[in-house]
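Following: one structure in structure tokens, then a few remarks.
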Amino acid sequence: MAEVEETFKRIQAHKGVIGVIVVNSEGIPIRSTLDNSTTVQYAGLISQLAAKARSTVRDIDPGNDLTFLRIRSKKHEIMVAPDKEYLLICIQSPHD
Amino acid sequence: MEIVYVYTKKRQEFGRQCNFSDRQAELHVDITPDPSLADNFIERNPVDTGIQCVQEMSEHEINTERFETSVRGINHTEGGWPKDVNPQEVEHVTRYRKKVEKDEMYISAIQQLGTIMEHTIRQNNAIDIYEEYFEDIEVDTVDETPSAKTINVFRDPNEIKRTSTHISWFPDGPRKLAVAYCNLEFQGSTPDTSMESYIWDVENPNKPETVLKPVSPLVCLEYNPKDSHILLGGCYNGQIAYWDTRKGSQPVEMSPIEHSHRDPAYKALWIQSKTGTECFSASSDGQVLWWDIRKMGEPTEKLYLDPTKKQDPTKALGAMALEYEPTMPTKFMVGCEQGSILSCNRKAKTPAEKIVAQYNGHLGPVYSLQRNPFFPKNFLSVGDWKARIWSEDIRESSIMWSRQYKSYLTDGCWSPVRPSVFLVTKMDGTLDVWDIIFKQNDPTLSLQVCDEPLHSLRVQEQGRLIACGSHSGTTTLLELSDGLTTLQRNEKNLVTAMFERETRREKILDSRHREMKLKERSKSSADGAKEEEPEEARLEEEDLYTKAEKEFYSIIEQEKKILEKKQQQGDDTDKADTGKQSPIAEGDEEEKTNGNPKKK
Numbered sequence: 001m002a003e004v005e006e007t008f009k010r011i012q013a014h015k016g017v018i019g020v021i022v023v024n025s026e027g028i029p030i031r032s033t034l035d036n037s038t039t040v041q042y043a044g045l046i047s048q049l050a051a052k053a054r055s056t057v058r059d060i061d062p063g064n065d066l067t068f069l070r071i072r073s074k075k076h077e078i079m080v081a082p083d084k085e086y087l088l089i090c091i092q093s094p095h096d
Numbered sequence: 001m002e003i004v005y006v007y008t009k010k011r012q013e014f015g016r017q018c019n020f021s022d023r024q025a026e027l028h029v030d031i032t033p034d035p036s037l038a039d040n041f042i043e044r045n046p047v048d049t050g051i052q053c054v055q056e057m058s059e060h061e062i063n064t065e066r067f068e069t070s071v072r073g074i075n076h077t078e079g080g081w082p083k084d085v086n087p088q089e090v091e092h093v094t095r096y097r098k099k100v101e102k103d104e105m106y107i108s109a110i111q112q113l114g115t116i117m118e119h120t121i122r123q124n125n126a127i128d129i130y131e132e133y134f135e136d137i138e139v140d141t142v143d144e145t146p147s148a149k150t151i152n153v154f155r156d157p158n159e160i161k162r163t164s165t166h167i168s169w170f171p172d173g174p175r176k177l178a179v180a181y182c183n184l185e186f187q188g189s190t191p192d193t194s195m196e197s198y199i200w201d202v203e204n205p206n207k208p209e210t211v212l213k214p215v216s217p218l219v220c221l222e223y224n225p226k227d228s229h230i231l232l233g234g235c236y237n238g239q240i241a242y243w244d245t246r247k248g249s250q251p252v253e254m255s256p257i258e259h260s261h262r263d264p265a266y267k268a269l270w271i272q273s274k275t276g277t278e279c280f281s282a283s284s285d286g287q288v289l290w291w292d293i294r295k296m297g298e299p300t301e302k303l304y305l306d307p308t309k310k311q312d313p314t315k316a317l318g319a320m321a322l323e324y325e326p327t328m329p330t331k332f333m334v335g336c337e338q339g340s341i342l343s344c345n346r347k348a349k350t351p352a353e354k355i356v357a358q359y360n361g362h363l364g365p366v367y368s369l370q371r372n373p374f375f376p377k378n379f380l381s382v383g384d385w386k387a388r389i390w391s392e393d394i395r396e397s398s399i400m401w402s403r404q405y406k407s408y409l410t411d412g413c414w415s416p417v418r419p420s421v422f423l424v425t426k427m428d429g430t431l432d433v434w435d436i437i438f439k440q441n442d443p444t445l446s447l448q449v450c451d452e453p454l455h456s457l458r459v460q461e462q463g464r465l466i467a468c469g470s471h472s473g474t475t476t477l478l479e480l481s482d483g484l485t486t487l488q489r490n491e492k493n494l495v496t497a498m499f500e501r502e503t504r505r506e507k508i509l510d511s512r513h514r515e516m517k518l519k520e521r522s523k524s525s526a527d528g529a530k531e532e533e534p535e536e537a538r539l540e541e542e543d544l545y546t547k548a549e550k551e552f553y554s555i556i557e558q559e560k561k562i563l564e565k566k567q568q569q570g571d572d573t574d575k576a577d578t579g580k581q582s583p584i585a586e587g588d589e590e591e592k593t594n595g596n597p598k599k600k
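Just so you know, the sequences run in chain order A and B. Residues 1 to 96 (full-length UniProt numbering) make up the first sequence, in order. Residues 1 to 600 (full-length UniProt numbering) make up the second sequence, in order.
The following block contains the structure:
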């Protein structure tokens, strides 16, 4: 339990990090540093996108699998680390 | 009951039966080879023939049917929670979350993912991928050839197509386009022709965003620059109407027929006023009427375009184009059907003084007039086969003009961002972009937009997008390349210099003309007053006619007399002379008759 907290704090402490969300395989946000409505939005949309990305990678090569997903946009970057059961989402903005 | 028909024929009437017999083969024709015929042909050795052992295929093109899309929103609600958890109850939710967090898998997963995530975060922080390199360096003018791309095409959704006669951009950005549709051919519209005009959303060419339903088709349509919900339209039957897009497709109010124009109201424009509700309209019946949309019962002011300054409605020139610049609220210009441009002042004291100046130059109706947005003293007029640029001060002729085109010009306008660029549309469906500091003899860019005549043109305020409307209602949206939309270095100075130079040239030519005329006059007055008088007398039309008549009749009388004389002489003398006395009335008559007595 404490390690989890520590991990979270470490991630948050980095420069530019706006928020961190943990989502389970059903799309339910388990832990989040953002407000509820934003969290729900991100959870729903990103988990769908990550699932699609994973299926695309596996379609092209069934032996392959998605390890990381980065979405760079004009305002910030959304980083998604997928796991079998969970999804870790982090939003970081450029440092200026 | 069976229907039976019995055919009967007597046996003796039948033909004789056939009796076949065998016989030896006979040779009927024997065609021997004729080698001389081979001389008609050239032997070819070797012979190349292509053979292919491949599947025969054919290519066909199909265009799929128009795909109609519509935009809809989706309502997101929170879900995915297991059945026993109610997402609204905070306690349930927190309890569930705590349960998950206690899971072993969760802890290990988070630790693992956390490491990966940190790695990428550090990566991002190490290098700023959004850094702007070379920010201070100015973009060099790239020497690319100017071009324009078609972005979208809006077609008239009705079966019977009408011309798109006027286009107006939405004042708050290039999102919408109002197009007026009307069949301009005299009595060309059938009762089935729709009278609607549309407002299109630039992103959706399938279906117009708003439909405007006037009583008679609209010839022109303008957004109110102050209030983007209000549109002003001039109808084919001369009435003026205004719409409020918030209130639906019927016009909010229309001007009464008795006080409106008697010909299609070709142009209607909004005026700069405190209330933002004033407008004026012009038509080929020679009237310019001012209106206030709050009270459309009758025009607030009326002006007849009478160049003789007598406000005589019978002598008024029909108007086809109107020009108004909000920075000069009392002046406006009208382009007439006869090819002249009248510059008028609304605030003149007497109606006679309202028409300040007349510029003659075009051979046909002036379809478009616009002042240069950077140099208001110079304006562009488009009509017949040339586009002309005028300076307000020089009234005798334009300071610059394009070469004679092969097809009629229908509309033109300046680019709002570059003072030296203007565009014209033609009857053969081409759009020409002129850049007068780059090339004066030819258009910089000439695009074939479509195969049918283009009738209307409008550049959007930001200078990038152009909309042009064609004969069958197809409005094409084009985007200009950077070269034509970014202000070049020194451009304003170059254009100012060019205009001044041309204006000076015209002035010099003008003064030379005047000098020559003065000289002629002084010469003729020196030769004597008498010579002047008959000259002046001759110049009057009616006298010319009578003079011509008199001369004609006198010549006829003369010829008659000669004929009569001849006949008399012919009776007196004998037939020997008749050969020579041919009764043809020619100038030689007199010589012959004179000669005859001698011959006798």
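Beta carbons are placed, not taken as given, at the ideal position from N, Cα and C, and that holds for glycine. These numbers were taken from a predicted model, which means no experiment stands behind them.
Proximity test, Cβ basis, 9 Å: Q111 (chain B) and chain A: Working through the second sequence from its first residue, we reach residue 111 (chain B) at position 111. For Q111 (chain B), the closest Cβ of chain A is nearer than 9 Å.
Distance, D128 (chain B) Cα to L88 (chain A) Cα: Within the first sequence, residue 88 (chain A) is the residue found at index 88, counting from 1. Within the second sequence, residue 128 (chain B) is the residue found at index 128, counting from 1. Annotation: L88 (chain A) to D128 (chain B) spans about 23 Å, alpha carbon to alpha carbon.
Residue range of the unbroken alpha helix (DSSP H) whose run includes H14 (chain A): If you number the first sequence from 1, residue 14 (chain A) lands on position 14. That residue, H14 (chain A), is in no alpha helix (DSSP H); it is neither H nor E in DSSP.
Chain B within 9 Å of V22 (chain A), Cβ atoms only: Residue 22 (chain A) sits at position 22 when you count from the first residue of the first sequence. Put simply, the CB of V22 (chain A) is near chain B, with a gap under 9 Å to one of its CB atoms.
Cβ distance (whole Å) where H166 (chain B) is taken to contact S456 (chain B) below 8 Å: As a position in the second sequence, residue 166 (chain B) is number 166, starting the count at 1. As a position in the second sequence, residue 456 (chain B) is number 456, starting the count at 1. The beta-carbon separation of H166 (chain B) and S456 (chain B), rounded to 5 Å, stays under the 8 Å limit for a contact.
R538 (chain B) to L544 (chain B) span [Cα, whole Å]: Position 538 of the second sequence, counting from 1, holds the residue named residue 538 (chain B). Position 544 of the second sequence, counting from 1, holds the residue named residue 544 (chain B). Confidence in R538 (chain B) is poor, its pLDDT being 47 and thus under 50, which makes the residue's placement unreliable; the coordinate value appears in the next sentence. So the alpha carbons of these two residues sit roughly 6 Å apart.
Per-residue DSSP class, three states only, for Y7 (chain B): Taking the second sequence and counting its residues from 1, the one referred to as residue 7 (chain B) is at position 7. In the structure shown, Y7 (chain B) falls within a coil segment according to DSSP collapsed to helix, strand and coil.
Backbone CA spacing between Q88 (chain B) and Y96 (chain B) [nearest angstrom]: The residue you call residue 88 (chain B) lines up with position 88 of the second sequence. The residue you call residue 96 (chain B) lines up with position 96 of the second sequence. Straight across, the Cα-Cα distance linking Q88 (chain B) with Y96 (chain B) is about 13 Å.
Chain-order list of residues whose beta-carbon lies under 6 Å from that of C220 (chain B) (same chain, five-residue window excluded): The residue labelled residue 220 (chain B) in the question sits at position 220 within the second sequence. Within the same chain, H166, A180, G234, K267 and A268 come within 6 Å of C220 (chain B) by CB-CB distance, once the 5 residues on both sides are set aside.
Min CB distance D122 (chain B) to chain A below 9 Å: In the second sequence, the residue the question calls residue 122 (chain B) occupies position 122. Rather than Asp, the amino acid found at residue 122 (chain B) in this sequence is Arg. Among the residues facing chain A, R122 (chain B) is included, as its CB has a counterpart in that chain under 9 Å away.
Status (buried if at least 16 other CB within 10 Å, exposed otherwise) for Y86 (chain A): Along the first sequence, read from residue 1 onward, the residue named residue 86 (chain A) stands at position 86. By the Cβ neighbour-count rule, Y86 (chain A) is buried, with 16 or more other Cβ atoms within 10 Å of its own.
Beta-carbon spacing of I355 (chain B), L423 (chain B) below 9 Å: Reading the second sequence from its first residue, position 355 is the one you call residue 355 (chain B). Reading the second sequence from its first residue, position 423 is the one you call residue 423 (chain B). Not in contact: I355 (chain B) and L423 (chain B) (Cβ atoms no closer than 9 Å).
Residues, ordered as in the chain, of the segment 464–496 of chain B that lie near chain A by beta-carbon distance below 7 Å: Of all residues in the segment 464–496 of chain B, none has a Cβ within less than 7 Å of some Cβ in chain A.
Rounded C-alpha distance that separates P443 (chain B) from S168 (chain B): Along the second sequence, read from residue 1 onward, the residue named residue 443 (chain B) stands at position 443. Along the second sequence, read from residue 1 onward, the residue named residue 168 (chain B) stands at position 168. Rounded to the nearest angstrom, the two C-alpha atoms are 25 Å apart.
Exposure label - L518 (chain B); buried when at least 16 CB within 10 Å: As a working note, residue 518 (chain B) is residue 518 in the second sequence. L518 (chain B) is classed as exposed because its beta carbon has fewer than 16 other beta carbons within 10 Å across all chains shown.
Status (buried if at least 16 other CB within 10 Å, exposed otherwise) for E6 (chain B): Position 6 of the second sequence, counted from the start, is the residue given in the question as residue 6 (chain B). Here residue 6 (chain B) is Val; the residue named in the question, Glu, does not match the sequence. With fewer than 16 other Cβ atoms within 10 Å, it is exposed.
Member of B:T425, B:S255, B:D451 and B:S415 whose CA lies at the smallest distance from the CA of D435 (chain B): Within the second sequence, numbered from 1, the residue matching residue 435 (chain B) stands at position 435. In this structure, B:S415 is the residue among B:T425, B:S255, B:D451 and B:S415 with its C-alpha nearest to the C-alpha of D435 (chain B).
Under 7 Å by beta carbon: chain A residues contacting I116 (chain B): Stepping through the second sequence from its first residue, residue 116 (chain B) is reached at position 116. Residues of chain A whose Cβ lies closer than 7 Å to the Cβ of I116 (chain B) are, in chain order, F68 and A81.
Residues within the segment 92–107 of chain B neighbouring chain C, beta-carbon criterion of under 7 Å: Of the protein chains in the structure, A and B, none is chain C.
Closer than 8 Å: V215 (chain B) CB and nearest the ligand FMN heavy atom: In the structure on display, the ligand FMN does not appear, and there are no ligands present to speak of.
Cross-strand partners of K302 (chain B) (DSSP beta bridge): For the purposes of this step, residue 302 (chain B) is identified with residue 302 of the second sequence, where counting begins at 1. Secondary-structure assignment with DSSP links K302 (chain B) through a beta bridge to B:L289.
Cβ-based burial, K530 (chain B) [other Cβ within 10 Å; buried from 16]: In the second sequence, the residue the question calls residue 530 (chain B) occupies position 530. For K530 (chain B), the pLDDT reaches just 48, beneath the cut-off of 50, and the residue's location in the model is therefore unreliable, although a value from the coordinates is still provided. By the beta-carbon neighbour count (other beta carbons within 10 angstroms, threshold 16), K530 (chain B) is exposed.
Which of helix, strand or coil DSSP assigns to E278 (chain B): Along the second sequence, read from residue 1 onward, the residue named residue 278 (chain B) stands at position 278. Residue state, collapsed to three classes: strand.
Paired residues, beta bridge with Y242 (chain B) - DSSP: Position 242 of the second sequence holds residue 242 (chain B). B:L232 and B:E253.
Nearest to N378 (chain B) (by Cα), restricted to the options B:I399, B:S197, B:Q187 and B:N360: Position 378 of the second sequence, counted from the start, is the residue given in the question as residue 378 (chain B). For the residues B:I399, B:S197, B:Q187 and B:N360, the minimum Cα distance to N378 (chain B) belongs to B:I399.
Distance between F438 (chain B) and G50 (chain B) (C-alpha atoms, nearest Å): Indexing the second sequence from 1 puts residue 50 (chain B) at position 50. Indexing the second sequence from 1 puts residue 438 (chain B) at position 438. Going by the C-alpha atoms only, they are around 55 Å apart.
Minimum Cβ-Cβ distance from T7 (chain A) to chain B less than 9 Å: For the purposes of this step, residue 7 (chain A) is taken as residue 7 along the first sequence, with counting starting at 1. Yes, T7 (chain A) lies at the interface with chain B (some Cβ there is under 9 Å from its Cβ).
Every unbroken alpha helix (DSSP H) inside the segment 446–521 of chain B [4 residues or more]: Restricted to the segment 446–521 of chain B, the alpha helix (DSSP H) segments that are unbroken, complete and at least 4 residues in length are 482–485, listed in chain order.
For M117 (chain B) and A13 (chain A), the rounded distance between their alpha carbons: Within the first sequence, numbered from 1, the residue matching residue 13 (chain A) stands at position 13. Within the second sequence, numbered from 1, the residue matching residue 117 (chain B) stands at position 117. So the two alpha carbons sit approximately 13 Å from each other.
Contact the segment 149–163 of chain B vs the segment 468–486 of chain B: 3+ CB pairs below 8 Å: Touching, per the Cβ criterion.
C-beta contact flag for G483 (chain B) and T210 (chain B) at 9 Å: Position 483 of the second sequence holds residue 483 (chain B). Position 210 of the second sequence holds residue 210 (chain B). No. Outside cutoff.
Residues of its chain near L478 (chain B), where Cβ-Cβ distance is below 6 Å and the 5 sequence neighbours each way are ignored: As a working mapping, residue 478 (chain B) is identified with position 478 in the second sequence. Here the set comprises A148, T150 and I466.
Opening and closing residue of the beta strand (DSSP E) in which M333 (chain B) lies: In the second sequence, the residue the question calls residue 333 (chain B) occupies position 333. Looking at the DSSP string, the run of the beta strand (DSSP E) that includes M333 (chain B) is K331 to C336.
CB of L369 (chain B) within 9 Å of CB of M328 (chain B), strictly: As a first step, residue 369 (chain B) must be located in the second sequence, where it is residue number 369. As a first step, residue 328 (chain B) must be located in the second sequence, where it is residue number 328. Between L369 (chain B) and M328 (chain B), the gap from beta carbon to beta carbon reaches 9 Å or more.
Beta-carbon spacing of Y236 (chain B), P264 (chain B) below 9 Å: To locate residue 236 (chain B), count along the second sequence from 1; it is residue 236. To locate residue 264 (chain B), count along the second sequence from 1; it is residue 264. Taking the C-beta atoms as reference points, P264 (chain B) is found nearer than 9 Å to Y236 (chain B).
Chain B within 9 Å of P94 (chain A), Cβ atoms only: Within the first sequence, residue 94 (chain A) is the residue found at index 94, counting from 1. By this cut-off, P94 (chain A) is an interface position.
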